[in-house]
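K.L.:
Count the first sequence with our numbering and you get residues 9 to 494, in order.
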Amino acid sequence: MINESPRVRFAPSPTGYLHVGGLRTALYNYLFARHSNGKFILRIEDTDRNRYVEGALENLLETIEWTGLIPDEGPKQGGDYGPYIQSERLNLYKENVDKLINAGKAYHCFCSPERLEELRQDQIKARLPQLKYDKHCLFLSKEEVLNKIQSGEKYVIRLNVESGPKVMIKDIIRGNVEFDRSTIDDQVLIKSDGFPTYHLANVVDDHLMKITHVIRGEEWLSSTPKHVLLYEYFGWEIPEFAHLPLLLNADRSKLSKRQGDVAVEDYKAKGYLKEALINFVALLGWSGGDDKEFYYLDELIDKFTLQRVQKSGAVFNIDKLNWINAEHIKNQKSEDILPFLKNTLLHSEFSRISYTDDYLLKVIEAMKSRIVFYSDFLERSSYFFASPNEYDQQIIEKRWKPETPGHLRILIEEFEKLNNPAHDDFETALKSAAEKLQIGAGKLIHPVRLAVSGIGVGPGVYELLEILGKEEVIRRINTAIEKIAV
RNA sequence: GGCGCAUUCGUCUAGUGGUCCAGGACGCAGCCCUCUCAAGGCUGAGAUCACGGGUUCGAAUCCCGUAUGCGCUACCA
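1) Could you check the C-alpha separation between Q318 and S362 for me, to the nearest Å?
2) Whole angstroms are fine: how far does the CA of L308 sit from the CA of H116?
3) DSSP on F40, reduced to helix/strand/coil?
4) Counting C-beta neighbours from all protein chains within 10 Å, is the total for S264 16 or more, i.e. buried, or is it exposed?
5) Quick check on R182: does DSSP put it in helix, strand or coil?
6) Give me the Cα-Cα distance between I93 and R15, rounded to the nearest whole angstrom.
7) Where are the alpha helix (DSSP H) runs, 4 residues long or more, that stay fully inside the segment 418-462, in chain order?
8) Report buried or exposed for P20, applying the criterion of at least 16 other Cβ atoms within 10 angstroms of its Cβ.
9) Leaving out the 5 sequence neighbours to the left and right, which residues in its chain are closer than 7 Å to F288 when beta-carbon positions are compared?
10) Excluding the 5 residues preceding and the 5 following Y25 in the sequence, name in chain order all residues of the same chain whose CB lies nearer than 6 Å to its CB.
11) Would you mind giving the Cβ-Cβ distance between N45 and R17, rounded to the nearest angstrom? I have them listed as a contact below 8 Å.
12) Quick one: what's got a C-beta closer than 7 Å to W497's C-beta in the same chain, skipping five residues either side?
13) So what does D341 bridge to, in DSSP terms?
14) Using 8 Å as the cut-off, can you tell me whether the segment 430-437 makes contact with the segment 340-359, which would need three or more C-beta pairs spanning the two stretches below that distance?
15) Does the beta-carbon distance from A488 to Y399 come in below 8 Å?
16) Starting from the C-beta of P347, find all residues in its chain whose C-beta is less than 7 Å away, skip the five residues before and the five after it, and write them out in chain order.
17) For T352 and S390, what's the separation of their Cα atoms in angstroms?
18) Looking at D188: is its Cβ nearer than 8 Å to the Cβ of Y141?
19) Let me know if A322 comes out buried or exposed under the rule of 16 or more other beta-carbons within 10 Å of its beta-carbon.
20) Write down the C-beta distance between P79 and L50 rounded to the nearest angstrom, noting that I regard them as a contact closer than 8 Å.
21) My output table needs one value for I475: the three-state DSSP class, helix, strand or coil.
22) Can you list, in chain order, the residues of its chain with a C-beta nearer than 8 Å to that of A449? Leave out the 5 residues immediately preceding and following it.
23) Buried or exposed: Q195, going by 16 or more other Cβ atoms within 10 Å of its Cβ?
24) Which value, in whole angstroms, describes the spacing of the CA atoms of R128 and L139?
25) When the Cα atoms are used, what is the spatial distance from L197 to V164?
26) Which two residues bound the contiguous alpha helix (DSSP H) that contains A209?
27) Considering only DSSP beta bridges, list what V222 is partnered with.
28) Between which two residues does the beta strand (DSSP E) holding K47 run?
29) Just curious, the beta strand (DSSP E) that R166 is in, first and last residue?
30) How close, in whole Å, do the beta carbons of A209 and E96 come, if the pair is a contact with beta carbons under 8 Å?
31) Compute the Euclidean distance between the alpha carbons of L216 and Y382, then round it to the nearest angstrom.
32) Drop a sphere of 10 angstroms on the beta-carbon of E73, count the other beta-carbons inside from all chains shown, and report buried for 16 or more, exposed for fewer.
33) Would I326 be called buried (16 or more neighbouring beta carbons within 10 Å of its own) or exposed?
34) Helix, strand or coil: which one does DSSP assign to I157?
35) Between which two residues does the beta strand (DSSP E) holding R407 run?
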């Protein structure tokens, strides 16, 4: 086993969207696999037919693809251990559970939901410490079982938990965890509709798919003894376990839809970069042990180990996500942002106007350090794409004085003299205008910014002017002089 | 109720017996830079390391207990 290269899996159930907790689980599996030269497998756990959602699988696959956490084996890419969708593996569960039945480690149970409920109520009333199935059907004779099956009675297959030593779980993150066998219920393995439960399916598949490390959420820790028992009964080698801490809401309950967005799709739609989402989610429960917090995927692969995973749950803090997103945008090459800006423009009110790459690249350079999302290019600097149609009233009050129009006319005269001016040319022109007027440059700078952009914040004014260009700048100043009445 | 896991600034975390009256990051406040807003730089507020006992010359770090939180307790995953 030590010499084998690891095989790990991400095993989501297609419920309609990819949960950010699921993304984190997928990420850690992926990182572990890549770090140790192993294989990352995607397996779809769709054994609950009541939870079937149309299109959920396709959506899940698409979202995983978007994150870039591409599996080595899975429904899309195939592999030697398929099929990778549990509903297509029903025969395998049947086959293997039969072995258990023959060995007396599992048995048919014909108890009705009503009897089960009654039993449960009785146990509650009797204040029994544990609520467990009473093994009623274990004592049916072979003939009785056969008869019931042949007469069409509904049944499930249960695990036969017998007394014995404590079940010990070795968990990479939590150390050893022990469970008394008497606390383990005779878990249903095959449901009455013929589908396996998670417990059976995941053990059978993990074995058949030669999974070496089971890396999953902490909510599975409590049912792990059932899985270990199953491995034991089957006589299969037990994989290593690593139970990840939960992702939490601000009130420290398990991260849920009620308290904000939990779907990766939601964050994607809001404009978060996959790089940022991955970076952020990686830090929820793991740290490299130093002060580094900005990571690209390949750096994470390099540094990631399960030993450094935190034990306690982590609150999903949107402020930090925003910071990381801004940080990633800042660090992107402008050329790499270009296609996204173009796409954003295409879906905006400016879709009918075309801008040169050169122009857009300048806009990106100017705005990159001032935005959190790509959409902020439009939200915070729409003036690069159209003349301002209104002017910030507060800035008018602060910066636009009665003498301002006169000053700006002088400034325009200076600008007129320029030929294809750049940053410094605008600066020289503005300063000489200020000198002629015997005023400080600020008396010109702020009104120009307002005239040209409609607002009081943004890139340096000369940068702004250079990007917009002489003609456009003069046009806008003239318009502002007309429109802004003090 | 039972079983299990966890517990360091508001949040994410560093820390594996002395270098920790606890370091970093986000957020917050202030200063610098500056034509504005960001970015960047600097500074600050913010944690009796859940609590109580031990062990030890010495504990955030080891042990025990308590509390609190969370998870599981389904023919859901």
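Ideal Cβ positions, reconstructed from N, Cα and C, are used throughout, including at glycine.
P.N.:
Here's the rundown:
1) 50 Å
2) 48 Å
3) helix
4) exposed
5) coil
6) 17 Å
7) 431-445, 450-461
8) buried
9) K328, L329, I332
10) A271, E273
11) Not a contact, Cβ separation roughly 16 Å.
12) Since the first residue shown for the chain is 9 and the last is 494, residue 497 is missing from the structure and cannot be characterised.
13) Before going further, note that residue 341 is Lys rather than Asp in the sequence given. DSSP, once it has assigned bridges, lists no residue as partnering K341.
14) no
15) yes
16) none
17) 12 Å
18) no
19) buried
20) 4 Å
21) helix
22) L438, K439, A442
23) buried
24) 7 Å
25) 7 Å
26) 206-216
27) F249
28) 47-50
29) 164-167
30) At roughly 12 Å, the Cβ-Cβ gap does not stay under 8 Å, so A209 and E96 are not in contact.
31) 45 Å
32) exposed
33) exposed
34) helix
35) Note, R407: premise wrong, no beta strand (DSSP E); alpha helix (DSSP H) at 401-407.
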